[in-house]
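Input: a single structure, listed below in structure tokens.
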């Protein structure tokens with residue numbers, strides 16, 4: 001192909017021409033016009049405002065009086081904002097490591113299965129959902145009520161299997177113990193049991209009255225009107241009933257007709273030596289009997305298992321601290337406590353972002369030189385040794401980029417807290433970005449403080465991002 | 001050092017009807033330097049990787065020493081492989097690259113030190129021990145790859161076209177170095193290359209492989225003087241052998257070769273006539289190497305031809321002359337001082353010993 | 001070496017065979033992981049397909065034993081509501097009104113700027129590119145307060161205050177999408193041989209024509225990646241929308257969902273349905289342009 005020289009504004013290299021400003025402009029105005037919208041836009045909305053924020057951070061709330069670093073001092077002495085710092089630190093310490101780790105494990109495992117594409121699509125998908133929507137989903141998952149939250153439902157299944165709730169579960173939240181249920185001829189004994197005060201011999205009867213049993217429980221168990229026990233020769237009979245009559249509230253010794261027997265109570269007959277001789281269960285009217293009892297004196301014991309409290313649920317969305325900080329003062333608590341909801345939110349955030357880590361690390365893995373791994377095999381490395389001493393070091397650049405990107409991401413974390421934390425947890429779980437929003441745009445507007453926080457965020461994020469950019473280009 | 005034996009080694013990849021390696025049998029003696037040569041895709045690298053344990057065996061056996069190693073992992077076969085692309089560990093120094101294998105086997109540190117510094121000395125790498133591969137030139141990396149193998153003191157060295165990524169000058173230099181290394185270590189070396197010059201200059205024996213089949217194995221001289229078939233004859237030697245299809249005229253009981261369209265006269269000796277008669281063919285392929293064609297007339301046994309000059313390639317001491325004789329094209333090597341111009345008509349000849357005869361269909365040599 | 005099967009595949013297969021972990025166990029483990037990963041999404045879908053009365057009474061997972069619980073009632077309610085202000089569909093439309101222009105503008109302006117940076121002949125191109133790329137590090141929180149003020153100034157000067165308007169949000173999103181967009185487009189365009197443009201100039205085409213008819217069509221893959229990434233980013237944004245449209249009558253889906261969590265009554269039927277609707281659009285975009293998305297994610301490590 002022969003070359004053609006054409007005279008025209010853009011073809012000839014302008015550097016060889018003498019540069020006159022007007023000539024240069026005339027030649028390049030189109031090119032500059034292309035660039036102009038972008039540059040102007042950036043200057044107006046990114047560059048200028050950043051400088052303005054720095055200025056705001058150095059002025060007072062009315063933006064007229066220069067106050068130097070006063071706002072920053074305020075920032076570092078306000079507990080609420082320090083809590084935000086603390087939470088960001090928690091996020092930075094926990095999230096990037098685990099999300100990179102999980103991304104690595106998943107990327108490595110998917111190399112070897114045939115349905116890798118479908119699997120990857122499933123893991124990556126959550127990135128596409130808004131963090132808001134994801135937060136709502138996970139809020140439901142972590143809900144306290146086992147009928148709503150999957151996690152608590154699973155916990156309840158396990159808990160019920162390990163410690164089956166009794167027919168009369170105590171409400172430990174209000175400090176109920178077995179002893180508090182005792183009303184007539186019953187007293188709390190060791191191991192959360194109730195024992196009859198009176199001693200009984202074969203041929204005798206015993207009556208025990210309990211109180212504070214809920215009507216719902218009575219109804220569920222099908223409790224009926226109590227019947228006074230009949231004596232049994234050679235045996236012991238008795239009655240356990242709910243000693244609370246709406247009509248005669250002060251009567252706590254005799255049976256009243258609107259009271260109920262207590263069914264399904266597991267009882268033991270305890271001898272004077274303390275050993276259990278027999279056991280039985282009360283019927284729907286609360287009556288029970290032990291037959292063929294050898295001579296001796298006995299107490300009737302209501303087993304502790306009857307009162308085994310039901311599963312109470314873990315308040316994942318709450319601000320109770322994982323770290324032991326109960327003894328500390330307010331400020332120390334704010335700074336050192338790690339609210340449980342942070343953990344819940346981090347788990348949710350990992351669900352969202354692990355796919356990102358997986359994709360990047362997967363690309364890195366695919367780009368690895370296979371022959372180097374073969375050389376390692378020949379050198380004598382086992383699969384694990386290959387992975388640890390060759391694959392991972394070779395992946396180090398990718399892993400670093402992923403890790404650092406996630407650190408930056410988490411420094412700005414906002415949406416998930418706003419949407420996942422219930423009102424009571426918003427304060428303890430707050431982060432820097434959230435503080436900027438709260439102080440800058442809601443309630444009483446403190447633009448000076450908000451700008452100061454923004455500047456701090458900026459100073460945290462920028463060097464990390466610049467470093468990361470360099471790594472990516474390299 | 002051990003011997004390596006391949007018995008009817010066959011490889012078929014899943015989904016391929018063709019065999020990548022077809023029943024190759026080879027005995028590599030203890031301490032021998034053997035080259036596997038062949039065109040790209042012939043299966044030589046596959047064979048090497050199977051010996052290394054990086055590819056599975058479809059059928060056949062591989063023995064290293066007296067052990068059958070088919071089911072052994074590469075790490076248990078006591079072999080070292082030098083890759084074409086060196087495959088050095090990019091995150092480790094030269095020293096660590098070379099000592100990695102020993103470290104994995106829990107060799108004591110002093111021993112590792114001695115082994116690595118020894119190898120580094122042999123390969124002139126002592127000043128580079130602290131560098132990473134990215135800071136080395138191609139030739140230096142190649143030597144590190146060799147060093148990594150040497151340090152392992154394996155039963156056999158396997159090399160997969162180690163010189164292909166080097167520039168021409170470095171290639172010649174490194175060729176000599178590897179030959180020296182072999183002499184010094186007395187190691188069993190199996191060397192894969194597509195370059196027959198490398199094979200000819202370095203190997204004790206050469207195994208020529210084509211389309212998965214072993215064509216011939218023998219010393220360089222054997223392959224050169226007595227190629228088993230047309231493929232080997234054409235593969236070994238540069239520029240490659242001339243092939244001229246000839247027609248057998250056996251009227252009146254005597255066997256004569258008639259050129260189909262060229263100006264060639266062949267006078268066969270009795271031996272050659274007997275071979276042709278035995279083969280019972282109506283055509284043969286005549287083969288003669290360019291370097292065996294003389295620029296002179298000849299009487300008696302042998303070949304004489306008249307051809308016109310097409311292209312002259314001046315190489316300093318020799319000239320490679322491309323000739324046309326009727327419908328045949330041949331190359332001859334003549335002294336560069338011969339005055340020649342394009343279009344000249346030349347008389348050339350070759351002796352009986354220089355003439356090869358090949359079966360027209362199977363390509364097998366009739367001699 | 002056989003040329004039929006690619007080398008890498010064969011080597012992976014060979015390596016996989018010698019794996020100590022059996023393939024079966026791997027598949028089981030990954031299968032469980034996949035199921036775990038899908039549970040949240042499925043839970044959302046199921047909740048939205050169950051009558052609200054069941055919420056809190058029995059877990060959504062019970063639906064597997066009682067599939068008859070499923071109903072489209074919630075969706076029917078939403079659609080019957082139509083485009084009433086503050087409803088799901090209205091918010092959907094608002095989201096589209098914000099996201100589509102923002103995406104188009106970013107794609108267009110980034111391409112134009114990248115063209116200038118790659119094919120322009122003036123010095124300082126690379127410098128300006130580096131500065132623009134450097135702007136990617138600025139977190140948008142830093143710009144919020146001044147921009148709100150800036151909008152107010154504009155209102156005072158020209159009578160047009162973008163604050164509280166959809167264009168106001170779009171302007172902000174475009175600005176913060178440009179550094180990444182220009183980065184992406186510039187990297188792609190520098191791979192286009194300059195000869196193509198020379199050929200166009202020889203034929204007498206002006207710069208705009210060359211941009212529009214030669215470069216832009218060639219750049220479509222990169223534009224697609226950029227567009228998808230930008231679309232999903234803006235669609236899912238909450239903070240910027242809150243700041244600029246917080247008190248507005250028409251709000252995008254993210255604010256709609258956020259409002260639902262703030263209100264005292266837990267209207268789970270509307271929350272879950274709204275969430276499904278908000279997820280649906282980016283999902284469609286994602287599945288339609290999957291390969292562009294992955295490319296965008298790889299390039300978008302910075303965002």
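Protein chains in written order, with our numbering: chain A, 1 to 474; chain B, 1 to 367; chain V, 1 to 303. Glycine is no exception: its CB is placed at the ideal position from the N, C-alpha and C atoms.
Beta-carbon proximity list for residue 102 (chain V), same chain, < 6 angstroms, skipping 5 on both sides: For the purposes of this step, residue 102 (chain V) is taken as the residue at position 102 of the third chain. Cβ within range, chain order: 170, 173, 174 and 234.
Straight-line gap, residue 144 (chain A) to residue 151 (chain A) (C-alpha atoms, nearest Å): Translated into the one-based positions of the first chain, residue 144 (chain A) becomes position 144. Translated into the one-based positions of the first chain, residue 151 (chain A) becomes position 151. C-alpha separation (whole angstroms): 9 angstroms.
Three CB pairs or more closer than 8 angstroms across the region 236-249 of chain V and the region 81-99 of chain A: no
Chain A within 7 angstroms of residue 108 (chain B), Cβ atoms only: Residue mapping note: residue 108 (chain B) aligns to position 108 of the second chain, counting from 1. It does not: the Cβ of residue 108 (chain B) has no partner Cβ on chain A nearer than 7 angstroms.
Contact list for residue 59 (chain A) against chain V, beta-carbon separation under 9 angstroms: Counting from one through the first chain, the residue named residue 59 (chain A) turns up at place 59. Simply none; closest approach about 12 angstroms.
According to DSSP, residues forming a beta bridge with residue 248 (chain B): Along the second chain, read from residue 1 onward, the residue named residue 248 (chain B) stands at position 248. Looking at the DSSP assignment, residue 248 (chain B) forms a beta bridge with B:257.
Bridge-paired residues (DSSP) for residue 299 (chain A): Taking the first chain and counting its residues from 1, one reaches residue 299 (chain A) at position 299. A:270, per the DSSP bridge assignment.
Residues from the region 36-56 of chain B in contact with chain A, defined by Cβ distance under 7 angstroms: 52 and 54
Cβ neighbour criterion (16 or more within 10 Å) applied to residue 404 (chain A): Residue mapping note: residue 404 (chain A) aligns to position 404 of the first chain, counting from 1. Result: buried.
Chain V within 7 angstroms of residue 91 (chain A), Cβ atoms only: As a position in the first chain, residue 91 (chain A) is number 91, starting the count at 1. No, no contact with chain V.
Within-7 angstroms CB hit, residue 126 (chain A) to chain B: The residue given as residue 126 (chain A) occupies position 126 in the first chain. So no, residue 126 (chain A) is outside the interface.
CB contact below 7 angstroms: residue 143 (chain B) versus chain A: Within the second chain, the letter at position 143 stands for residue 143 (chain B). Taking Cβ atoms only, chain A never reaches closer than 7 angstroms to residue 143 (chain B), which makes this a no.
Cross-chain neighbours of residue 380 (chain A) in chain B, by beta carbon under 8 angstroms: On the first chain, residue 380 (chain A) is found 380 positions in, with the first residue counted as 1. Those within 8 angstroms of residue 380 (chain A) in chain B are 75, 101, 104 and 105.
Touching by the beta-carbon criterion (3+ pairs, under 8 angstroms), the region 371-385 of chain A and the region 302-309 of chain A: no
Cutoff 7 angstroms: residue 157 (chain B) Cβ touching any chain A Cβ: Residue numbering aside, residue 157 (chain B) sits at position 157 when the second chain is read from its first letter. No, because no Cβ of chain A sits closer than 7 angstroms to the Cβ of residue 157 (chain B).
Proximity test, Cβ basis, 7 angstroms: residue 81 (chain B) and chain A: Within the second chain, residue 81 (chain B) is the residue found at index 81, counting from 1. Output row for residue 81 (chain B): interface = yes.
Chain-ordered neighbours of residue 147 (chain A) on chain V, where CB pairs are closer than 8 angstroms: Indexing the first chain from 1 puts residue 147 (chain A) at position 147. Chain V residues near residue 147 (chain A): 56, 57, 58 and 59.
6 angstroms Cβ shell around residue 415 (chain A) - same chain, five flanking residues per side excluded: The residue given as residue 415 (chain A) occupies position 415 in the first chain. These residues qualify, in order along the chain: 131 and 132.
Cβ-Cβ separation, residue 151 (chain B) to residue 187 (chain B) (assumed contact under 8 angstroms), whole Å: Residue mapping note: residue 187 (chain B) aligns to position 187 of the second chain, counting from 1. Residue mapping note: residue 151 (chain B) aligns to position 151 of the second chain, counting from 1. Their Cβ separation, rounded to whole angstroms, is 13 angstroms, which puts residue 187 (chain B) and residue 151 (chain B) out of contact at 8 angstroms.
Per-residue burial, residue 314 (chain B) [other beta carbons within 10 Å of its own, 16 or more giving buried]: Numbered from 1 along the second chain, position 314 holds the residue referred to as residue 314 (chain B). That one is exposed.
Cβ-Cβ distance between residue 7 (chain B) and residue 25 (chain B) below 7 angstroms: As a working mapping, residue 7 (chain B) is identified with position 7 in the second chain. As a working mapping, residue 25 (chain B) is identified with position 25 in the second chain. Against a cut-off of 7 angstroms, the Cβ pair of residue 25 (chain B) and residue 7 (chain B) comes out as a contact.
Test: residue 234 (chain A) CB closer than 7 angstroms to a CB of chain V: Reading the first chain from its first residue, position 234 is the one you call residue 234 (chain A). Not an interface residue.
For residue 231 (chain V), the first and last residue of its enclosing alpha helix (DSSP H): By one-based count along the third chain, residue 231 (chain V) stands at place 231. From DSSP, the alpha helix (DSSP H) with residue 231 (chain V) extends over 220-235.
Contact set for residue 376 (chain A): own chain, Cβ-Cβ below 7 angstroms, skip 5 residues either direction: In the first chain, counting from the first residue as 1, residue 376 (chain A) sits at position 376. The answer, listed in chain order, is 386 and 390.
Nearest residue (CA-CA) to residue 242 (chain A), options A:275, A:287, A:447 and A:236: Residue 242 (chain A) sits at position 242 when you count from the first residue of the first chain. Per the Cα distances, A:287.
Counted within 10 angstroms of its Cβ, other Cβ atoms place residue 361 (chain B) as buried (16 or more) or exposed: In the second chain, the residue the question calls residue 361 (chain B) occupies position 361. Flag for residue 361 (chain B) reads exposed.
Residue 138 (chain B) to residue 120 (chain B) span [Cα, whole Å]: Against the second chain, residue 138 (chain B) aligns to sequence position 138. Against the second chain, residue 120 (chain B) aligns to sequence position 120. Roughly 16 angstroms separates the two Cα atoms.
Chain B residues whose Cβ lies nearer than 7 angstroms to that of residue 393 (chain A): Stepping through the first chain from its first residue, residue 393 (chain A) is reached at position 393. Those within 7 angstroms of residue 393 (chain A) in chain B are 91.
Residue 112 (chain A) at chain V interface by Cβ criterion, 7 angstroms: For the purposes of this step, residue 112 (chain A) is taken as residue 112 along the first chain, with counting starting at 1. For residue 112 (chain A), the answer is yes, since a Cβ of chain V falls inside 7 angstroms of its Cβ.
Inter-residue Cα distance where the pair is residue 111 (chain V) and residue 241 (chain V): Within the third chain, residue 111 (chain V) is the residue found at index 111, counting from 1. Within the third chain, residue 241 (chain V) is the residue found at index 241, counting from 1. C-alpha separation (whole angstroms): 26 angstroms.
Interfacial residues, the region 140-155 of chain V to chain A, with Cβ spacing under 9 angstroms: 140, 141, 142, 143, 144, 145, 146, 147, 148, 149 and 150
Endpoints, beta strand (DSSP E) assigned at residue 205 (chain B): For the purposes of this step, residue 205 (chain B) is taken as the residue at position 205 of the second chain. Segment 205-210, the beta strand (DSSP E) holding residue 205 (chain B).
CB contact flag (residue 54 (chain B), residue 374 (chain A), <7 angstroms): Taking the second chain and counting its residues from 1, the one referred to as residue 54 (chain B) is at position 54. Taking the first chain and counting its residues from 1, the one referred to as residue 374 (chain A) is at position 374. Yes, Cβ-Cβ distance for residue 54 (chain B) and residue 374 (chain A) is below 7 angstroms.
Neighbourhood of residue 5 (chain V) by C-beta, 8 angstroms cutoff - its chain only, sequence neighbours within 5 removed: Residue numbering aside, residue 5 (chain V) sits at position 5 when the third chain is read from its first letter. Interpretation of residue 5 (chain V) is limited by its pLDDT of 42, a score under 50 that renders its predicted location unreliable; the figure taken from the coordinates is listed afterwards. Excluding sequence neighbours, residue 5 (chain V) sits near nothing in its chain.
Chain A contact residues for residue 314 (chain V), given Cβ-Cβ distances below 7 angstroms: Nothing in the structure corresponds to residue 314 (chain V), since chain V is present only between 1 and 303.
Residues that DSSP places opposite residue 332 (chain B) in a beta bridge: Counting from one through the second chain, the residue named residue 332 (chain B) turns up at place 332. Its beta-bridge partners are B:321.
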